Amino acid sequence: MTYRSLQECVADLERTGQLVRISEEVDPYLEAAEIQRRVYRAGGPAVLLERLRGTPFPALCNLFGTLERVHYLFRHTLQGVKRLAEWKVDPAQAIRRPWQAAGMLPVLWRMRPKAVRSGPVLRHTTTVSQLPQIQCWPRDGGAFITLPLVYTEDPRCPCFGHSNLGMYRIQLSGGRYRPGEEVGLHYQIHRGIGPHHQAALAQGKPLPVSVWVGGPPAMTLAAVMPLPEGFSELMLAGVLGGRRVRMIRSKDHAPVWADADFCLTGHIVPDRLLPEGPFGDHLGYYSLEHPFPVMRIERVYHRPGAIWPFTVVGRPPQEDTVFGQFIHELVGPVLSSVVPGVHEVHAVDAAGVHPLLLALGSERYEPFREQSRPQELLTQANALLGQGQLSLAKYLWIAACEDDPQLTTHDVPRFFQHVLARVDWQRDLHFQTCTTIDTLDYSGTGLNEGSKLVVAAVGRPRRKLAEQLPAECPLPPGFGPARVVFAGVAVVQAPRFQKGQQVQEPQVEQFCGYLESHGRAWEGFPLLVLVDDAEFAAATVENFLWVTFTRSDPAQDVHGPWAQVRQKHWGCGEPLVIDARSKPHHAPVLEPDPEVARRVDRLFARGGPLHGIH
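Residue numbers (my numbering): -14 to 599.
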């Protein structure tokens, strides 16, 4: 089955026992998000909230809550998408297997958007205030659309082939916007809407925008897929959805997707920026208030029986974790054709995706392998950091697959241990300073400002990793306890930063100086991480990854004993020290409201619609 509407999708999931309805009224302020988080953590069904306070529209959450359900939604089209990916890797397959190429003609036809004069989404109109005002976290600046499909076209060549569809945060309430007339439009660095906005500004014109919500689920997946420039998300949505995307053109507003549930049409106002946020985001912290573009609303349309899908953005794992797994499944085979020599890449979800990237490359030039130092790996690392959203990676750890054919980036502890057994801290740290990082990452020096670090290691192991702390664990006064995370890695509790305290302060340098006198006791632990709470950071690998890589900026927070600079290259002795404490300039951590959690308990109690979902 391929779905012509979100309503068909909901009916199919309900018929197969993959959806639960809640008829009791739910508050969009925090309660709806609390339900979504709990059901997702339990691997539960999609949930339709039939009565959401303050709106006539029902809301749907956890639609993409499990990878199995995503496979089910696209069960009849997934092979066609994978075949397209195979052709990207090896276009000669179409010549070698012409019968398969002929079978792909319907798939290729579906890639072409279909122009239509009208559609269900234009049947009714409403107002911004009548839309579901879902707020996910207590300190959010208002309600925002969590699954928006934001469509723009290049004003220099407005057409479907020069369009961009992305998922950019749309703030519906709060802030300084004119209620009902304006909404906030938050897009991050290296996003496809950026060049369109810049071209419109150069022409001195507003940029027409359509924001779609709902519709067949293929469009949502297409909006988050990292596609190469020139490949429209509408084309992928046609393949994933099993039918051509129906688009309505009008002289009055930006193009509209005929089968969406909702559509907000308008334009980005030139030279008008207003504070947007704060909002909880995928790193597990609040993204703070910053000036972002303003979208002036012209019309709000909705189809009959419209359903409002939503999700929750927060510390991983969340529903967008499944997006990442599905994306890797589809585009993983293409990677080696984009970056020769790279076999595998893993944007680590537990670390917030962009802060940590693991990669397996290849030292393919055999005469030089005996030098046992990274060579081609560094070329591959630089190529990865030049690829779309991979360019947002803050830490990139890369190893050579020839050193261990069984190694995979998806076994994170083993991958770290492989690198740590081989790395030379004097040679194998490669920094990029004063560069761009993820807009939502506040570990750097300012908005979009920070540094990157490539850690590359090849060859035979140079050290044996320890699994237990030394009997005498030497630490300077005020530091401790220390806990092992896994072999070769330990966390050390350090004095917390105080409000107003400078980031560059003497405690870490004193700690490294202490290691110069007592470092032999730490042999077998080439990586030490300073944290606020050692018990928490070492409790799970996920906690360690989240704390270490979301709370540190390489140029500011990577230290070590016997540090020195040679030919502008920074290196140190063992162990490497990463300062992953919370700093005064960091954003606050996301924490749910306990009272809201208690209110939601009723839905999961015996007799409640979600009873049995744990």
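Just so you know, even glycine gets a beta-carbon here, dropped at the ideal spot from N, CA and C. Since this is a predicted model, take the numbers as computed values, not measurements.
message = Among T430, A291, A540 and E218, whose alpha-carbon lies nearest the alpha-carbon of Q115?
response = Looking up residue 115 in the sequence shown gives position 130. With distances taken between Cα atoms, Q115 lies closest to A291.
task = Examine chain B for any beta-carbon lying closer than 8 Å to the beta-carbon of E329, and answer yes or no.
result = Among the protein chains of the structure shown there is no chain B, as only one such chain exists.
ask   = Would H171 pass as a contact of Y153 if the rule is Cβ separation under 8 Å?
value = Taking the first residue of the sequence shown as 1, we reach residue 171 at position 186. Taking the first residue of the sequence shown as 1, we reach residue 153 at position 168. Yes, these two residues count as a Cβ contact at 8 Å.
S502, enclosing alpha helix (DSSP H) - first and last residue = Position 517 of the sequence shown, counted from the start, is the residue given in the question as residue 502. Counting along the chain, the alpha helix (DSSP H) containing S502 begins and ends at P491 to H503.
request  = Decide yes or no for the touch test of the stretch 403 to 414 against the stretch 544 to 558: beta carbon pairs closer than 8 Å, at least 3 of them.
outcome  = yes
message = Can you look up P76 in the DSSP assignment and give me helix, strand or coil?
response = As a position in the sequence shown, residue 76 is number 91, starting the count at 1. Confidence in P76 is poor, its pLDDT being 47 and thus under 50, which makes the residue's placement unreliable; the coordinate value appears in the next sentence. P76: coil per DSSP, three-state reduction.
task = Can you tell me which of C497, R26, L392 and G373 puts its alpha carbon nearest to the alpha carbon of H175?
result = Counting from 1 along the sequence shown, the entry for residue 175 is found at position 190. The option with the nearest alpha carbon to H175 is G373.
message = Cutting at 7 Å between CB atoms, please list the residues of its own chain near V(-5), excluding the five before and the five after it.
response = In the sequence shown, residue -5 corresponds to position 10, counting from 1. Closer than 7 Å at the Cβ level, and outside the excluded window around V(-5), lie L4, L33, L45 and I292.
query = Quick one: what's got a C-beta closer than 6 Å to W507's C-beta in the same chain, skipping five residues either side?
reply = As a first step, residue 507 is located in the sequence shown; it is residue number 522 there, counting from the start. Excluding sequence neighbours, W507 sits near P560.
ask   = How would you call F216, buried or exposed, if buried means at least 16 neighbouring beta carbons within 10 angstroms?
value = Counting from 1 along the sequence shown, the entry for residue 216 is found at position 231. Flag for F216 reads exposed.
Identity of the residue in S148, R281, Y271 and V543 nearest L221 by Cα = On the sequence shown, residue 221 is found 236 positions in, with the first residue counted as 1. Among S148, R281, Y271 and V543, the Cα nearest to that of L221 is on S148.
request  = For the stretch 117 to 130 and the stretch 183 to 190, state whether three or more C-beta atom pairs, one from each stretch, are separated by less than 8 Å.
outcome  = no
Cα-Cα separation, P539 to R(-11) = In the sequence shown, counting from the first residue as 1, residue 539 sits at position 554. In the sequence shown, counting from the first residue as 1, residue -11 sits at position 4. Those two C-alpha atoms are separated by around 48 Å.
key: Pairwise C-alpha distance: P30 and H570   = Start at 1 with the first residue of the sequence shown, and residue 570 comes out as number 585. Start at 1 with the first residue of the sequence shown, and residue 30 comes out as number 45. Answer to the nearest angstrom: the Cα atoms are 39 Å apart.
key: Exposed unless 16 or more other CB atoms sit within 10 angstroms - verdict on G251   = Position 266 of the sequence shown, counted from the start, is the residue given in the question as residue 251. By the neighbour-count rule (16 or more Cβ atoms within 10 Å), G251 is buried.
Residue span of the alpha helix (DSSP H) that contains Q183, given as start and end = For the purposes of this step, residue 183 is taken as residue 198 along the sequence shown, with counting starting at 1. Counting along the chain, the alpha helix (DSSP H) containing Q183 begins and ends at I178 to Q188.
request  = Report yes or no: do three or more beta-carbon pairs, one from the stretch 193 to 201 and one from the stretch 234 to 241, lie closer than 8 Å?
outcome  = yes
Proximity winner among E329, D237, G262 and G159, relative to L425 (alpha-carbon distances) = Numbered from its first residue, the sequence shown carries residue 425 at position 440. When only C-alpha atoms are compared, the closest one is G262.
query = Any chance the stretch 335 to 349 sits against the stretch 520 to 538, with 3 or more Cβ pairs inside 8 Å?
reply = yes
request  = Could you have a look at F59 and say whether DSSP puts it in helix, strand or coil?
outcome  = For the purposes of this step, residue 59 is taken as residue 74 along the sequence shown, with counting starting at 1. In this structure, F59 counts as coil in the three-state DSSP scheme.
task = Might you give, ordered along the chain, the residues of its own chain that have their beta carbon closer than 8 Å to the beta carbon of R97, omitting 5 neighbours on each side?
result = Walking along the sequence shown from the start, residue 97 turns up at place 112. So the list reads M220, G223 and R229, once near-sequence residues are dropped.
query = Got a sec? Which residues, its chain only, sit under 6 Å from Y211 by beta carbon, not counting five neighbours each side?
reply = Indexing the sequence shown from 1 puts residue 211 at position 226. Sequence check: residue 211 is Pro here, not Tyr. Once the five neighbours on either side are set aside, the close Cβ partners of P211 are G373 and Q374.
ask   = Do you know offhand how far V135's Cα is from H395's?
value = Numbered from its first residue, the sequence shown carries residue 135 at position 150. Numbered from its first residue, the sequence shown carries residue 395 at position 410. So the alpha carbons of these two residues sit roughly 32 Å apart.
inquiry  = Measuring only the C-alpha atoms, how far is H544 from V493?
reply    = In the sequence shown, counting from the first residue as 1, residue 544 sits at position 559. In the sequence shown, counting from the first residue as 1, residue 493 sits at position 508. Taking the straight line joining both Cα atoms gives about 8 Å.
message = Suppose contacts are defined by Cβ-Cβ distances below 8 Å. Is G169 in contact with V279 by that definition?
response = Against the sequence shown, residue 169 aligns to sequence position 184. Against the sequence shown, residue 279 aligns to sequence position 294. Yes, they are a contact pair.
query = Quick one: Cα of D518 to Cα of Q478, how far?
reply = The sequence position of residue 518 within the sequence shown is 533, counting from 1. The sequence position of residue 478 within the sequence shown is 493, counting from 1. Answer to the nearest angstrom: the Cα atoms are 6 Å apart.
query = Any idea what DSSP makes of Y417, helix, strand or coil?
reply = Within the sequence shown, numbered from 1, the residue matching residue 417 stands at position 432. Residue identity check: residue 417 is Gln in the sequence provided, not Tyr. Looking at Q417 - three-state DSSP - the assignment turns out to be strand.
query = How would you label A456, buried or exposed, when you count the other beta carbons within 10 angstroms and need 16 or more for buried?
reply = Counting from 1 along the sequence shown, the entry for residue 456 is found at position 471. Flag for A456 reads exposed.
Where Y25 sits in the DSSP three-state scheme = As a working note, residue 25 is residue 40 in the sequence shown. Three-state DSSP puts Y25 in a helix.
inquiry  = Just verifying my parser: in three-state terms, what is the DSSP assignment at N47?
reply    = For this step, residue 47 is matched to residue 62 along the sequence shown. Coil, per DSSP.
ask   = Applying the criterion that 16 or more other CB atoms from any shown protein chain within 10 Å of the CB defines a buried residue, is M204 buried or exposed?
value = Stepping through the sequence shown from its first residue, residue 204 is reached at position 219. With 16 or more Cβ atoms within 10 Å of its Cβ, M204 is classed as buried.
ask   = Count the other CB atoms within 10 Å of the CB of H415; is the residue buried (16 or more) or exposed (fewer)?
value = The count along the sequence shown starts at 1 and reaches residue 415 at position 430. Flag for H415 reads buried.
ask   = When DSSP builds the beta bridges, which residues end up paired with F129?
value = Translated into positions along the sequence shown, residue 129 becomes position 144. Partner(s): Q156.
key: Start-end ranges of the beta strand (DSSP E) lying completely within the stretch 263 to 331, minimum 3 residues   = 275 to 287 and 293 to 295
message = Quick check on D409: does DSSP put it in helix, strand or coil?
response = Start at 1 with the first residue of the sequence shown, and residue 409 comes out as number 424. Looking at D409 - three-state DSSP - the assignment turns out to be coil, as it is neither helix nor strand.
ask   = L405 and G498 look like a contact to me (Cβ under 8 Å); what is the Cβ gap, rounded to whole Å?
value = To locate residue 405, count along the sequence shown from 1; it is residue 420. To locate residue 498, count along the sequence shown from 1; it is residue 513. Not a contact, Cβ separation roughly 23 Å.
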